[in-house]
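Every letter in the sequence shown is one number past the one before it in our numbering, and letter 108, counting from 1, is 128. No residue lacks a Cβ here, since even glycine has one placed at the ideal position from N, Cα and C. Contents: one structure, followed by commentary.
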Amino acid sequence: MISSHVGRLDHVGIAVRDADAAIPYYRDALGFPVVGDEIATDPGVRLVYLDAGNAFIQLVEPVRDDAPVAIWLRTHPEGLHHVCFRTDDLRACERELNGPGDSSIFRAGRGDNAFFLTTEPSNTKIEIVGPPVVE
């Protein structure tokens, strides 16, 4: 399972219970400005993006008790949730990483332009994000 289409680091997802409490550390202590703040209703999370220069920090706060990250936080401490890499060709990357009969990919809550790998080396979730797919 190797893809020639995986590119640069896009963001590091940090699971938090309270994004407002976490923002000052990244913004004030580390100097990363907030560049985005949105509610993604499908996965039930608030996503706060901070610009770290070469990539983003994504604070992932559950807004529903049944959100996947809320369930994850029940058995894990706050902290690193996933690492996301960018690709210019999401479909080609998906084909290369997901062989016949393989269920190693599941869609993220951001529509057709992202997916997670379910095979997690070192227990690290890997997300791949690309431009919106037009079919």
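Can you tell me which residues form a DSSP beta bridge with LEU67?
Per DSSP, GLU58, VAL80.
Using only the alpha-carbon positions, how far apart do ILE192 and VAL68 sit?
Residue 192 cannot be examined here, being either before or after the span of the chain that is shown, 21 to 155.
Use the C-beta contact count for GLY150: other C-beta atoms within 10 angstroms, 16 or more gives buried, fewer gives exposed.
Counting Cβ neighbours within 10 Å, GLY150 comes out buried, since at least 16 surround it.
Just the Cα atoms here: how many angstroms apart are GLY51 and ARG115?
Going from the Cα of GLY51 to the Cα of ARG115 covers about 39 Å.
For the beta strand (DSSP E) containing VAL26, name the first residue and the last one.
Its beta strand (DSSP E) spans residues 26 to 35.
Which whole-angstrom value is the C-beta distance of ASP30 and ALA72, which I expect to be below 8 Å?
The Cβ separation is near 11 Å, so there is no contact.
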